[in-house]
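From first to last, the protein sequence lines are chains A and B.
Read in order, the letters of the first sequence are residues 1 to 177 in this note's numbering.
Read in order, the letters of the second sequence are residues 1 to 585 in this note's numbering.
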Amino acid sequence: MPAPHKHHLLSVLVENKAGVLTRVAGLFARRGFNIHSLAVAPTEDERLSRITMVVDVESAPLEQMIKQLDKLINIIEIDELAPGKAVARELLLVTVRADPQIRGQVIELIRIFDGRIVNVGHDSIMVSLEGAPDKLEDFENLLRPYGIVAIQRTGRIALPRIPSEVAEDTPPIRAVS
Amino acid sequence: MNMKPGTKTDGGKALIKSLELEGVDVMFGLPGGAILPVYDPIIDSPIRHILVRHEQGAGHMAEGFAHATGRPGVAMVTSGPAATNIVTPLCDAYMDSVPMVVITGQVPYAAIGTDAFQECDTTGITLPVTKHNFLISDPQDIPRVIREAFHIATTGRPGPVLVDVPKDIVDPKNPRSAMEWYWPDSVDLPGYKPLTHGDPNEIKKAAQLIVESRRPVIYAGGGILKARAADALRELADLTGIHVVTTLMARSAFDDTHPLALGMPGMHGNYTAVTSMQESDLLIALGSRFDDRVTGKVPAFAPHAKIIHVDIDPAELGKVRKPDAGIAGDCRLVIEELIRALHDIGAPQSQPDRSEWKAQISGWQEKYPLTYQQSEPGELLKPQFVLEQLRDNTPDDTILVSGVGQHQMWASQYWNFKHPYTWVNSGGLGTMGFSVPAAIGAKVGRPDRMVWAVDGDGCFQMTAQELVTAASERIPIKVAILNNAYLGMVRQWQEMFYEERYSEVYLSPDLPDYKMWAESMGCVGFRVESPEEVLPTIEKANSIDDRPVVIDFRTDSREKVYPMVPAGLSNDDIVVDPAHGEGGR
Ligand SMILES: Cc1ncc(C[n+]2csc(CCOP(=O)(O)OP(=O)(O)O)c2C)c(N)n1
Ligand SMILES: [Mg+2]
Numbered sequence: 001m002p003a004p005h006k007h008h009l010l011s012v013l014v015e016n017k018a019g020v021l022t023r024v025a026g027l028f029a030r031r032g033f034n035i036h037s038l039a040v041a042p043t044e045d046e047r048l049s050r051i052t053m054v055v056d057v058e059s060a061p062l063e064q065m066i067k068q069l070d071k072l073i074n075i076i077e078i079d080e081l082a083p084g085k086a087v088a089r090e091l092l093l094v095t096v097r098a099d100p101q102i103r104g105q106v107i108e109l110i111r112i113f114d115g116r117i118v119n120v121g122h123d124s125i126m127v128s129l130e131g132a133p134d135k136l137e138d139f140e141n142l143l144r145p146y147g148i149v150a151i152q153r154t155g156r157i158a159l160p161r162i163p164s165e166v167a168e169d170t171p172p173i174r175a176v177s
Numbered sequence: 001m002n003m004k005p006g007t008k009t010d011g012g013k014a015l016i017k018s019l020e021l022e023g024v025d026v027m028f029g030l031p032g033g034a035i036l037p038v039y040d041p042i043i044d045s046p047i048r049h050i051l052v053r054h055e056q057g058a059g060h061m062a063e064g065f066a067h068a069t070g071r072p073g074v075a076m077v078t079s080g081p082a083a084t085n086i087v088t089p090l091c092d093a094y095m096d097s098v099p100m101v102v103i104t105g106q107v108p109y110a111a112i113g114t115d116a117f118q119e120c121d122t123t124g125i126t127l128p129v130t131k132h133n134f135l136i137s138d139p140q141d142i143p144r145v146i147r148e149a150f151h152i153a154t155t156g157r158p159g160p161v162l163v164d165v166p167k168d169i170v171d172p173k174n175p176r177s178a179m180e181w182y183w184p185d186s187v188d189l190p191g192y193k194p195l196t197h198g199d200p201n202e203i204k205k206a207a208q209l210i211v212e213s214r215r216p217v218i219y220a221g222g223g224i225l226k227a228r229a230a231d232a233l234r235e236l237a238d239l240t241g242i243h244v245v246t247t248l249m250a251r252s253a254f255d256d257t258h259p260l261a262l263g264m265p266g267m268h269g270n271y272t273a274v275t276s277m278q279e280s281d282l283l284i285a286l287g288s289r290f291d292d293r294v295t296g297k298v299p300a301f302a303p304h305a306k307i308i309h310v311d312i313d314p315a316e317l318g319k320v321r322k323p324d325a326g327i328a329g330d331c332r333l334v335i336e337e338l339i340r341a342l343h344d345i346g347a348p349q350s351q352p353d354r355s356e357w358k359a360q361i362s363g364w365q366e367k368y369p370l371t372y373q374q375s376e377p378g379e380l381l382k383p384q385f386v387l388e389q390l391r392d393n394t395p396d397d398t399i400l401v402s403g404v405g406q407h408q409m410w411a412s413q414y415w416n417f418k419h420p421y422t423w424v425n426s427g428g429l430g431t432m433g434f435s436v437p438a439a440i441g442a443k444v445g446r447p448d449r450m451v452w453a454v455d456g457d458g459c460f461q462m463t464a465q466e467l468v469t470a471a472s473e474r475i476p477i478k479v480a481i482l483n484n485a486y487l488g489m490v491r492q493w494q495e496m497f498y499e500e501r502y503s504e505v506y507l508s509p510d511l512p513d514y515k516m517w518a519e520s521m522g523c524v525g526f527r528v529e530s531p532e533e534v535l536p537t538i539e540k541a542n543s544i545d546d547r548p549v550v551i552d553f554r555t556d557s558r559e560k561v562y563p564m565v566p567a568g569l570s571n572d573d574i575v576v577d578p579a580h581g582e583g584g585r
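Below, the structure is given as structure tokens:
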């Protein structure tokens, strides 16, 4: 596992056009940058997609990475989401051994983490867990001794936090009538 | 061809019409199956099409045209093998920031992905070597995409743009090609906003650094030429009295006969250019990118220098060396702004006394000029001698185009460039075979100028067939082959760093027979073996203006390019010509 300070979360707004992801991935490959995780989906505006990626760099190359990304014609905007300034989520699906003798312990763990059992077999169960990356990490570590059969995590998705104080010039939110 | 908005037409005609409206008056290309429908409307178009013999030639011609004129070069080729043939020029143009638009044919849209005949993933292959590329799927998009392609190629940091066009959308026999003509009056690219003016605070900071510096050097790069900033550069140098080095890509951006000109720095730069950068306390990098061929070992490069870095591409600032003042913007505008900022703080009077530095520079110039030993009677020609003769017996505004290798370095070292845009070469990619087609493109763009290609025997053999194009199109370029019978630059490295173990570098002086080959291609051919024949033959070549000329100069293969900073070493380890004594310093 790379040291956490090398991870940066980028939120990249791109034109929703064929081949844009190839351009981003190609740029990273060509310039020797590392993508740790990636999530892509259209936004509220169908002409745009948002790519959320966790990249793996020291801070000086990060600046270079952002500037090179910015040169891609189809990229509209790049934001680095600082850890305290964004809400980040991942989703994890895991199939874990749960023989009848230990099933109780496993289910207890799942309950503590607010996971959901989505599939049950004779000696294993599948759990879905959504949450901040740290929480998923902890859950995975605690499950490991029981025997993980298969695991899949999504790339991270994130949005900037809503400012806690309403700025003076921000109009009050009105209910839609 | 006059077309009103709304006129029903087809994608092929719309494509040619769009090129006309972009101001294209010449294009280089070669037709084939997928692009056939676009070749038909060329017959009725005022655009001059130059039929090349190999698609690589079309690409380099477009580049040569762009280098010489500042206008985007245009090439058009078919799909598959033609598209792959033009990948080298695309990469070359990408590395050297040359504005170029390449149009490639593609199999019909519905056939894409089926391994159809002559299908290749052209946008995929060219993605890393273009500034941007497009695959058009709807003929209605053609005028918009062509506008966008030219806009992207020519603004910001210029570069090549490729437009891939499936056959069905340009073929009038196919209903899928139907479109209604329009011409967009602007481009809408929300993710593309090239910078122009620099940050005023950084410019002030830069001006302050300049007036505090005792040993400044202007490190001018190819961006000066791209930004049409040669006049601004000269004004800055004259105002501040600061010496100027011009990188391989910036040759001709600053008059070499100006007293402040230091010539070329880098691996084969002259001693003074290299050493003044090493010893300087302030490098004013203008449109240059701290390329490894200039810096040598980066941590040892100009260790005491503060850095002002001006570039239109923000990603260049800090990529190699962190600037003390980093200004992203157009070189011409920023230099003009910098000149104003300097005036505001009392320059030039407010600058410190730099006489010691100037004395040091002229001392180096005196001690380590470029030198070579003249040939003894009966020996082969010295390549440097040939270049001096050519330099001194051609008009000042001659456009010099070079290949890649020893001859390129000598050409850059020995020429005295007096006017911008008189030097055309392949710097970043170092593409052998560049010079003949690029010279053709330059001559097409500047028919009023004399155009000389200085080529190596190895390079010449890679693209010489384009002389057939030149002869049949009556494009009277002149080619000086510095024929040392070797892949000379590689030979030099094998001599110096591989214990003279020459592996696969010998070519032969007379296989092929260059004179006969030139003649068979419709050129005038000469062979020159002795120093006395050099000048008269150059004069004969200069007098021929109705077809290309090729001179086979038989040069001494033992000659090496000096000075040299061996790869990976510090610029302080520069090796000068052994003729200077001191064991080659
Ligand atoms: C397409 C290509 N292949 C190989 C090289 C490597 N290379 C650089 S210089 C050179 C020798 C060029 O020989 P020649 O044209 O005879 O020039 P000379 O160095 O002898 O002046 C070679 C092989 C290159 N730059 N480009
Ligand atoms: Mg040679």
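By construction, the Cβ of each residue, glycine as well, lies at the ideal position given by its N, Cα and C atoms.
Should residue i go down as buried or exposed, given a rule of 16 or more other Cβ atoms within 10 Å for buried?
| i | result |
| --- | --- |
| T257 of chain B | exposed |
| R144 of chain A | exposed |
| V87 of chain A | exposed |
| Q389 of chain B | buried |
| H304 of chain B | exposed |
| R23 of chain A | buried |
| N141 of chain A | exposed |
| V120 of chain A | exposed |
| P37 of chain B | buried |
| E499 of chain B | exposed |
| K497 of chain B | Contrary to the premise, residue 497 of chain B reads as Phe rather than Lys in this sequence. Under this definition F497 of chain B is an exposed residue. |
| M516 of chain B | exposed |
| G568 of chain B | exposed |
| A3 of chain A | With a pLDDT of 44 at A3 of chain A, under the threshold of 50, the modelled position of that residue is not reliable, and the figure given next carries that caveat. Looking at its Cβ environment, which holds fewer than 16 other Cβ atoms inside 10 Å, A3 of chain A is exposed. |
| L511 of chain B | exposed |
| D164 of chain B | buried |
Quick one: what's got a C-beta closer than 7 Å to residue i's C-beta in the same chain, skipping five residues either side?
| i | result |
| --- | --- |
| S570 of chain B | G296, K297 and A300 |
| T422 of chain B | S252, D397, T398, I399 and L400 |
| G428 of chain B | M95 and D96 |
| M409 of chain B | H268 and V561 |
| R501 of chain B | Q494 |
| N74 of chain A | V14, E15, K17, V20 and R23 |
Looking at residue j and residue i, is the spacing between their C-beta atoms short of 7 Å?
| i | j | result |
| --- | --- | --- |
| T463 of chain B | G57 of chain B | yes |
| E316 of chain B | R293 of chain B | no |
| A273 of chain B | V244 of chain B | no |
| P128 of chain B | R31 of chain A | no |
| S557 of chain B | A485 of chain B | yes |
| V424 of chain B | H67 of chain B | yes |
| V54 of chain A | H7 of chain A | yes |
| L92 of chain A | L136 of chain A | yes |
| R332 of chain B | A227 of chain B | yes |
| V211 of chain B | A62 of chain B | no |
| I86 of chain B | V77 of chain B | yes |
| D324 of chain B | P172 of chain B | no |
| T537 of chain B | V528 of chain B | yes |
Tell me which same chain residues have a C-beta within less than 6 Å of the C-beta of residue i, skipping the five on either side of it?
| i | result |
| --- | --- |
| D577 of chain B | T371 and Y562 |
| P377 of chain B | none |
| H49 of chain B | M27 and I42 |
| I125 of chain A | A98 and I117 |
| I151 of chain A | V94 |
Under 8 Å Cβ to Cβ from residue i, same chain only, skipping five residues before and after it: list those, please.
| i | result |
| --- | --- |
| D199 of chain B | I327, A328 and G329 |
| V176 of chain A | At V176 of chain A, the pLDDT of 47 sits below 50, so the modelled position is not reliable and the matter cannot be decided from this model. |
Contained beta strand (DSSP E) runs [length at least 3] in the stretch 429–492 of chain B, N- to C-terminal order
451–456 and 478–483
Unbroken alpha helix (DSSP H) runs of length 4 or more, entirely within the stretch 92–178 of chain B: which are they?
122–126 and 142–154
Just to confirm the assignment: which complete beta strand (DSSP E) runs, minimum length 3, are found wholly within the stretch 538–571 of chain B?
549–554
In chain order, each beta strand (DSSP E) run of at least 3 residues that lies wholly inside the stretch 228–311 of chain B
243–246, 261–263, 282–286 and 306–311
So within the stretch 91–119 of chain A, which uninterrupted alpha helix (DSSP H) runs reach at least 4 residues, ignoring any that extend past its ends?
100–112
In chain order, what are the residue ranges of uninterrupted beta strand (DSSP E) at least 3 long that sit wholly in the stretch 485–531 of chain B?
524–528
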